Structure formats: C-alpha cells, structure tokens
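For the record, the sequence lines run as chains A and B.
Heads up, the first sequence is in our numbering, so the first residue is 1 and it goes up one at a time.
Heads up, the second sequence is in our numbering, so the first residue is 1 and it goes up one at a time.
Contents: one structure, followed by commentary.
Number of protein chains: 2
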Amino acid sequence: MTEQQRRTTLIDVAHAAGVSRALVSIVMRGAPGASESSRQKVLQAAQDLGYRPDSRARLLRSSRTRLLGLSFSSSQPFHTEIVDAAYAKASAKGYEIALSAVANGRPESRAVEALLDVGSEALLLIAPTLSTQELTRYAGQVPMVSLLRDDVGDRVDSVSSDNYAGIRMAVDHLTSLGHRRIVHVDGGTAVSADQRRAAFSAEMLSHGLAPVTVHGGPNEEDGLKAGRLLQSDMPTAIIAFNDRSALGIIESLRAAGLQVPFDVSVLGYDDSQFARLSYVQLSSVSQDAALLAAAAVDRAVDRIEGTQPPSHVVRTPHLVVRNTTASPRFQQSAEAAALLPTKV
Amino acid sequence: MTEQQRRTTLIDVAHAAGVSRALVSIVMRGAPGASESSRQKVLQAAQDLGYRPDSRARLLRSSRTRLLGLSFSSSQPFHTEIVDAAYAKASAKGYEIALSAVANGRPESRAVEALLDVGSEALLLIAPTLSTQELTRYAGQVPMVSLLRDDVGDRVDSVSSDNYAGIRMAVDHLTSLGHRRIVHVDGGTAVSADQRRAAFSAEMLSHGLAPVTVHGGPNEEDGLKAGRLLQSDMPTAIIAFNDRSALGIIESLRAAGLQVPFDVSVLGYDDSQFARLSYVQLSSVSQDAALLAAAAVDRAVDRIEGTQPPSHVVRTPHLVVRNTTASPRFQQSAEAAALLPTKV
DNA sequence: AGACGTTCTTAGATCGTTCTAGTGACAATA
DNA sequence: TATTGTCACTAGAACGATCTAAGAACGTCT
C-alpha cells in the first residue's frame, strides 16, 4: 500500500475500548476521574492501535505544548554542549525542546519565528544578537530567556556567566604565575566580547599592568591571525576570547617555533570539548554549559508555570588549569636572581 | 502588564478589515478569489495587528505544515554542516525545518518522535542508527530519508555517499604517490565504518598490497590512541575514518616527532571545517555536505508532494588534496635509485 | 423509599484554521 | 426578459484534541 494510512485518533480508541472520546482523553493525559478497569481497557486499546496523541490538536485546545524553543548557532560547538544539557534538564522537567539553528543566511529572527510557529511556550536564545528592542517585542508574546548575554532589557530573563569574574580569574591566575606582559586577543564583534575586553583592561590596570588588546574573533582563524600579529612583540601570556581562538593562537605559536606553555602561556575561555582533548589540555575559564543550561530551563519553566517577573541570573565561572599555562621562563630566572644577594 | 496578551486570530483581522474569516484566510495564504482592494485592506489590517497564522490550527485543518523534521547528532560537527545546507535548501523550496538532536541520554527514537509530534511531513535522519525494522515502521507514518546510510530497507529513501568510491580514491591517491604501506584507522562501530573497512581491504588487495586496519572511532581521542598503537610499526600513509580521527592521528605523530606529510601521509574523510583550517590543511575525501543535504531535501519534498516510491541516491565523493599527503621519503630515494643504472 | 453524595461517564462547546458549498451581484448571451 | 456564467465573498462544517457541565449508577443514610 502506497498511500499513507490515516492517523488513529481518540475516536478510534474510544470505539475500540467501547467508551467515549472524553474518557479516552482523561486516561491518556493521566487526569483523575476514570475507574481502574476502564483505564486498563483504554490503555490496552491505545496500545493495540498504536495511538499517539496529536500534539497540534491538543495544543490548539489546551494551549499547552510543553515545548521549549531553543535557538543556537550551528557553527559554535560550545552551543551544542548547551543544547545537550538543555535536553536533559527539559526532559527531566517534562518538557520537550524544539531546536532552531542560526546559520549563514538564516538570521536569528527566522529562527525565533520558526520556534514560535511550532508552538514553543518559552524561548531560550543562546547568545542572542537581536537588539534589546526586538527581544522585548518577542517577550510580549512568550517568556524569553537569554543565555550568555545579560543586557537584554527588563522584560527578558537572562542566565549568564560573569565575564568580569572570569577575566579576573584569568588575569589573577597568570599574574600569580609571575606573568606581567599579558595580551588579550578579543572576540571582535561577538557577544560578550565587549565585556571581556573591558574587564581585561580594568583588571590589568588594577594590577598596575599595561592592558594590551589585539583584535581577534570567535574562531580558530581569528586566533591564528592575531597570533601572527603578536609575533614581533611576543608577550609571555595570552588570554583568548574563547577556546577556538586559543587553538588558533597556539597553532601560530607552534609555527613560530614557540612552545606552550614553556615560552608562552595561553588561556582559553568556555572549557569546551576542544579544551579537554588529551593532546590540547587547554587551561580555560569554564562557564559550565550544563549548569547554565539547567538554570535557563528552570527559569523558562518558572516563567511559564508561575507569574514571576523576569530575572537576571549571573553565574560565577571557574578556572580549569591544564597544561597551557605555567610560570614564564624569564620569571623563573628572575626568581633565581632574587635568591642571589642584590648587587647594586 | 504582566499577563500574556491573547493571540490575535483570523477573526480579529476579519473584524478590523470588515470582512469574513474565510476571506482573510484566502488572502493570508495567497489563494485566488479575492479582489485587489480587499486584499490590500486585509493585508493592512493583519500588518497593523501583528497577525501571525497559528500553524497548529492551520495544520490541524489542512494537514500541511510545510515542516521537514531533521535529526542530527549534536556531537558531530560534520552533521551541523549538513544542517546548515538543509536549512538553505528547504527554505528555497518553501519548507521550514524542525531540528532534533541525538545526544547523550537521548536516543534517536526520542528525536524521531519529537519531530513527528511537532508535525513534520517528512523525516530526514543523518546517519541513523535505528534498525531497518524500526525505520520501516516509522516510514509507514511519514516519508523518511536516511542520509549517509543506505542499508535502510526499501520503504525508506536514502541519500548517501559512495564509501567504496571514496576509499578507492583515497587508496589510489596514496598508491599513485608511491605509498605501499598504508593503514586504515577505522570508525569502530560508527555508521559507514563497516563499508569503508571492507572497501579498504578490497582496494588494497586489488593493488596487491596488504590491507592493515587498526581499530579507531569517530573522534579525536580515537585517532590519537590508534596513532600511538602504530608507533611501533609506522606505515608511510594512514587513511582515517574521518577528519576528527585524522586530527588525533596527526597529533600522535607530532608527539612522536614525526612530520606530516614528510614522514607519514594522513588522509581524512568528510572534508569538514576542521580539514579546511589554514593550519591543518588536511587532505580529505569530500562527501560534499551541501549537495548531500540538498538532494535529501529534494527527495523528501518529492515524496511529500508526489507519489513516487522510495529511491536510493548514491553520490560519488571527490578527493580534496591539501597538505597532509605527499610522496613517501623512501619512495623518493627509491625513485632516485631507479634513475641510476641498476647494479645487479 | 426517597434524598443525598460519590464516582464514573458522556454530550457538546471550543481552540484557530481550512475547505466546501453556497449566495448575491453583475455582465454577457440568447 | 430570462438564462447563464463569472467573480467576490461568506456561512458553517470540519480537523483532533480538551474542558465544562451535566447525567447515570451506585451505595449510604435518614
């Protein structure tokens, strides 16, 4: 048979079980008000017919889809780590996740509208690039939670990681290792890049150090280019905008015959899969994707089920020290020198 | 106002424009049967009220969602390249894409059912791991297209890349460079791994060479481990299961002080983003994600809109030679030797 | 026996669309 | 003038679920 068989509906099940539609509905959604015997009868019939409730019809009537819309950027592996964690958390709370990717030629607004069309009860956006105005407009239709970005106005929830704290940890870590010439390869126009750049400047100044920032971006090639630029005047430590950039930077150092961390220390950001690869072992500032995602799902569900106002959750990241950061060479010799009596 | 405003519906627009629901419906879906003047009136009213049709209701009635379900594995960057291309193609054909990820703790069946619940008219599965039986069962409900895997029974469409041809190209390329000791680091239990392993054996034998295969897997760590195993008896060329594995292999060679491609040639598979990174420049067998995705979307739409039977499309991959393959050293000296008069 | 309270069950309205089968109006044809 | 045809428009029934309100059935208490 080539033709697609008609979908089995409540009515079919009701017929088979010899009861009314309404009773089947009650049983299917586990509502109270059905005797154990008829419950069994109905479940059996549903099972036999392979019945699956039609979520469109269900939603149309009840305006509940138990669906959370999640938009992410397909080119950012770190985003997919958040996606994974969000799935787990949502499913634990009895929600499904509808995914929509932001890709080349597919702006965030398209992604958002696709998610709304499909019936999402709340929207989670990873590092949204929409203007606060646009976000606010969408937030009128459905609760919205922004991940990794917190300047989203007061109608939109946000769950983000404290970029200032993260950069502070990074700088503290490196200075405590003895580094003084530290460069930040920034994220260019990426979300959070401004905050991290500002945080870097502030933190370096507070250590009495010169904050040198070079232009970078969110991926390997950006890091590679920035690394080449630094060739002529190499610092002893580099704080990258993220792990991918850090990989590019490390590669440029390798090409220049420099060893990490012996000659130069490199610190990433995100603590993504890359960082954990056994041959990379990148020291990195972890935003903990899983916790971030879980918090965002919690927020979304709270907003859907309660009447709480939007809130802004900021998590403090933590530092994961692996094998790409160490004391600078000159520092070691300087320390050695310090052990000697000072000859004026 | 904290409360969520009620959705604007056809009725609201009809009121505002002073016409009937039905006419608004006609205008909104661009159907013939409305005068230009009232068309304008309705569009204006819809615009003013910010009306967006409710796809659930629309679908419920018309059983058309113009939605294609696409499942992918969140941990495979190559899959997200396909996702990107599928979005572009689908949107060109007037379809939206519903995404569902296969992740840790989220089996493919969950992903598939989520896509069905949301109203997908056809399903595209990237490298499905479901049994042929299960696939066939789902295919009874909705057209299904398998990507990158072709042994899916005759009820399911498939769009795949010819693994035999791909491996043949790989082996031919390396042998023509002069390699004779070529090892395949396989994909373990991954989809397509069997075919590539078999193809490798067949092709090597047809060249009169010994087919040596070592156990690997689909990611960097797998490649790394396999590379270490090879240390004791290093071939002159390695064909990896995919690019990620190739990266791990290269890393293991680097660690052992071997240079690619000077000491050992390494060939990847997929021609993914990784391969194209300027500091990697991996030679690789390209399956051309964009074309594969486009073909799969075409198939799905054909199945939805026509009554064609399932078919199996097999595309021939092509080789992209970059900087990780070259003639082996000993071969060069052998060639040099060949130039000399043979001393018996 | 009748009134009453539970518990189980059902009819019918409803959600926001699309679709079928009309109704009117107006021009063209006989 | 009556008939036919076209075109713009509309009323009302779907679609497959949920939900409300009300009807059976049954036991318990006066």
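No residue lacks a Cβ here, since even glycine has one placed at the ideal position from N, Cα and C.
Fair warning: this is a prediction, and the values are worked out from it, not measured in the lab.
- Message: Runs of 4 residues minimum, wholly inside the region 60-98 of chain A: which ones carry the alpha helix (DSSP H) assignment?
- Response: With a minimum length of 4 residues, the continuous alpha helix (DSSP H) runs that stay inside the region 60-98 of chain A are 77-92.
- Message: Within 8 Å of any Cβ in chain B, is that where the Cβ of residue 151(A) sits?
- Response: Position 151 of the first sequence, counted from the start, is the residue given in the question as residue 151(A). It does not: the Cβ of residue 151(A) has no partner Cβ on chain B nearer than 8 Å.
- Task: Measure the beta-carbon distance from residue 296(A) to residue 135(A) and round it to whole angstroms, keeping in mind my assumption that it falls under 8 Å.
- Result: The count along the first sequence starts at 1 and reaches residue 296(A) at position 296. The count along the first sequence starts at 1 and reaches residue 135(A) at position 135. That pair is no contact at about 15 Å.
- Task: Grab the span of the beta strand (DSSP E) containing residue 283(A) for me, first residue to last.
- Result: As a working note, residue 283(A) is residue 283 in the first sequence. Counting along the chain, the unbroken beta strand (DSSP E) around residue 283(A) starts and ends at 283-286.
- Using the beta-carbon count (16 or more within 10 Å), is residue 262(A) buried or exposed? Residue numbering aside, residue 262(A) sits at position 262 when the first sequence is read from its first letter. Its Cβ having fewer than 16 others within 10 Å, residue 262(A) is exposed.
- Message: Assuming the contact rule is C-beta atoms closer than 8 Å, residue 170(A) and residue 155(A) should be a hit. Round their C-beta distance to whole Å, please.
- Response: In the first sequence, the residue the question calls residue 170(A) occupies position 170. In the first sequence, the residue the question calls residue 155(A) occupies position 155. The pair is not a contact, with the Cβ atoms about 33 Å apart (cut-off 8 Å).
- Residue ranges of each alpha helix (DSSP H) within the region 282-328 of chain B, 4 or longer: 289-305
- Message: At a CB distance below 9 Å, what residues from the region 103-126 of chain B approach chain A? Give them in sequence order.
- Response: Flagged, chain order: 103, 104, 105, 106, 110, 113, 114, 116, 117, 118, 119.
- Message: Let me see if you follow: with CB-CB separation under 8 Å, is residue 56(A) close to chain B or not?
- Response: One-based indexing of the first sequence puts residue 56(A) at position 56. Output row for residue 56(A): interface = yes.
- Query: What does a CB cutoff of less than 6 Å around residue 90(B) pick up in its chain, not counting 5 residues either side in sequence?
  - Reply: The residue you call residue 90(B) lines up with position 90 of the second sequence. Result list for residue 90(B): 68, 97, 297, in chain order.
- Between the region 194-225 of chain A and chain B, which residues of the former have a C-beta closer than 7 Å to a C-beta of the latter? 220, 221, 224
- Message: For residue 336(A) and residue 260(B), I'd like the C-alpha separation in whole angstroms.
- Response: Within the first sequence, numbered from 1, the residue matching residue 336(A) stands at position 336. Within the second sequence, numbered from 1, the residue matching residue 260(B) stands at position 260. Only weak support exists for where residue 336(A) lies, its pLDDT of 46 falling under 50; the value from the coordinates is given anyway. Taking the straight line from one Cα to the other gives about 39 Å.
- Message: Is the beta carbon of residue 115(A) closer than 8 Å to that of residue 300(A)?
- Response: Stepping through the first sequence from its first residue, residue 300(A) is reached at position 300. Stepping through the first sequence from its first residue, residue 115(A) is reached at position 115. Against a cut-off of 8 Å, the Cβ pair of residue 115(A) and residue 300(A) comes out as no contact.
- Message: Just to confirm the assignment, what range does the alpha helix (DSSP H) spanning residue 28(A) have?
- Response: For the purposes of this step, residue 28(A) is identified with residue 28 of the first sequence, where counting begins at 1. It spans 21-28 - the alpha helix (DSSP H) in which residue 28(A) sits, taken as one unbroken run.
- Query: Roughly how many angstroms lie between the CA atoms of residue 302(A) and residue 293(A), to the nearest whole one?
  - Reply: Within the first sequence, numbered from 1, the residue matching residue 302(A) stands at position 302. Within the first sequence, numbered from 1, the residue matching residue 293(A) stands at position 293. Rounded to whole angstroms, residue 302(A) to residue 293(A) spans 14 Å at the Cα level.
- So is residue 100(A) buried or exposed if we call it buried at 16+ other beta carbons inside 10 Å? As a first step, residue 100(A) is located in the first sequence; it is residue number 100 there, counting from the start. It is buried - the Cβ of residue 100(A) has at least 16 other Cβ atoms within 10 Å.
- Using the DSSP secondary-structure output, state which residues sit across from residue 239(B) in a beta bridge. The residue given as residue 239(B) occupies position 239 in the second sequence. Answer is 184(B), 267(B).
- With 8 Å set as the bound, which would you pick, yes or no: does the beta-carbon of residue 138(A) sit closer than that to a beta-carbon of chain B? For the purposes of this step, residue 138(A) is identified with residue 138 of the first sequence, where counting begins at 1. No - not a single Cβ of chain B is within 8 Å of the one on residue 138(A).
- Message: Let me see if you follow: with CB-CB separation under 8 Å, is residue 8(B) close to chain A or not?
- Response: On the second sequence, position 8 is the one that residue 8(B) refers to. No, because no Cβ of chain A sits closer than 8 Å to the Cβ of residue 8(B).
- Query: Taking C-alpha atoms, which residue in 113(B), 54(B), 88(B) lies nearest to residue 50(A)?
  - Reply: The sequence position of residue 50(A) within the first sequence is 50, counting from 1. Per the Cα distances, 113(B).
- Item | Rounded separation between residue 191(A) and residue 77(B) - CA only | Within the first sequence, residue 191(A) is the residue found at index 191, counting from 1. Within the second sequence, residue 77(B) is the residue found at index 77, counting from 1. Cα-Cα distance, rounded: 22 Å.
- Task: Would you check if the region 220-233 of chain A and the region 193-201 of chain A touch, i.e. whether three or more CB-CB distances between them fall below 8 Å?
- Result: Because the criterion of three Cβ pairs below 8 Å is not met, the region 193-201 of chain A and the region 220-233 of chain A do not touch.
- Query: Comparing the C-beta of residue 302(B) with each C-beta of chain A, is any distance below 8 Å?
  - Reply: Taking the second sequence and counting its residues from 1, the one referred to as residue 302(B) is at position 302. Cβ-Cβ to chain A under 8 Å: no for residue 302(B).
- Item | Bridge partners - residue 123(B), DSSP secondary structure assignment | Here the question's residue 123(B) lines up with position 123 in the second sequence. Looking at the DSSP assignment, residue 123(B) forms a beta bridge with 69(B), 144(B).
- At what residues does the alpha helix (DSSP H) containing residue 8(B) begin and finish? What you label residue 8(B) is simply residue 8 of the second sequence in a count that begins at 1. Looking at the DSSP string, residue 8(B) is not in any alpha helix (DSSP H), and its letter there is neither H nor E.
- Message: Can you pull the chain B neighbours of residue 60(A), defined as C-beta to C-beta under 7 Å?
- Response: What you label residue 60(A) is simply residue 60 of the first sequence in a count that begins at 1. Within 7 Å Cβ-Cβ: 56, 57, 60.
- Task: Decide if the region 33-48 of chain B is in contact with the region 271-283 of chain B; the criterion is three or more beta carbon pairs, one per stretch, under 8 Å apart.
- Result: no
- Please state whether DSSP places residue 168(A) in a helix, a strand or coil. Within the first sequence, numbered from 1, the residue matching residue 168(A) stands at position 168. Three-state DSSP puts residue 168(A) in a helix.
- Item | Buried versus exposed call for residue 374(A) [16 or more other C-beta atoms within 10 Å across all chains shown] | In the structure as shown, chain A starts at 1 and stops at 344, and residue 374(A) therefore has no counterpart that could be examined.
- Message: DSSP has residue 233(B) in a bridge; who is on the other side?
- Response: If you number the second sequence from 1, residue 233(B) lands on position 233. Bridge partners of residue 233(B): none, in fact.
- Message: I'd like the list of long-range same chain contacts for residue 265(A), defined as Cβ closer than 8 Å, with 5 residues on each side in sequence excluded.
- Response: One-based indexing of the first sequence puts residue 265(A) at position 265. Within the same chain, residue 265(A) has close Cβ partners 174, 177, 179, 236, 237, 238, 283, 324, 325, 326, 328.
- Item | Best match in 320(B), 240(B), 106(B), 281(B) for proximity to residue 188(B) [C-alpha to C-alpha] | As a working note, residue 188(B) is residue 188 in the second sequence. For the residues 320(B), 240(B), 106(B), 281(B), the minimum Cα distance to residue 188(B) belongs to 240(B).
- Within the chosen definition, does the region 219-227 of chain A reach the region 244-256 of chain A through at least 3 CB pairs nearer than 8 Å? yes
- Which class does residue 112(A) belong to by DSSP, given the choice of helix, strand or coil? Here residue 112(A) corresponds to residue number 112 of the first sequence, with the count starting at 1. Note: residue 112(A) maps to helix in three-state DSSP.
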